[in-house]
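Reviewing the structure listed below.
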Amino acid sequence: MDNKPNINIEYFKKILEEEKAELEQELSLIAKKNQKTGDWEPLKPKLGTQVSEKGELADVYEEMENRFNTENELEKRFKEVSDALKRIKNNKYGICEKTGKSISEARLKANPTARTCVEHFR
């Protein structure tokens, strides 16, 4: 394996751009992007005028926790995809961050955001 990956970069760029758009759409349903930090913040569930029972309040807290967890996972993946697109832009995509050697196409097809070759996958 040499240092320059022998892969179709445009193929992976298209896949990553499509995934990024899907993630943005999913995130926009449960979170709002903070324009100052670039981070996503979960939207609060819509409440009625008054939460009258403990059960209703528990449901609200559970929904908030679910949104937070989902938003956290989606934002993590969004960052991985964005970072992979930056590596494409900087001509570093498909290169193992540990060795500087090419990442196999099979590995990139399995995980287009891979930063390392299989040998250095943690």
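Residue numbers (UniProt numbering): 1 to 122.
In this text, a Cβ means the ideal position worked out from N, Cα and C, and glycines have one as well.
Since the model is a prediction, treat every value here as computed from it, not as a measurement.
In this structure, Glu71 and Leu27 form a Cβ contact; the two beta carbons are roughly 7 angstroms apart against a cut-off of 8 angstroms. If only uninterrupted alpha helix (DSSP H) runs of at least 4 residues are considered, those enclosed by the stretch 63-118 are 105-110.
The closest CA to that of Arg67, considering only Ala21, Glu119, Val118 and Leu29, is found on Leu29. Inclusion of Lys101 and Cys117 in the CB contact set at 8 angstroms is warranted, their separation being smaller than that value. For the set Asn34, Glu63 and Glu97, the Cα lying nearest the Cα of Lys44 is the one of Glu63.
Beyond the five residues adjoining it in sequence on each side, Arg107 comes within less than 6 angstroms, by CB distance, of Ala114 and Val118 in the same chain, given in chain order.
In the three-state scheme derived from DSSP, where H, G and I count as helix and E and B as strand, Lys20 is classed as helix. Residue pairing by DSSP puts Lys32 in a beta bridge opposite Glu41. Counting other Cβ atoms within 10 Å of its Cβ, Glu80 reaches 16 or more and is therefore classed as buried.
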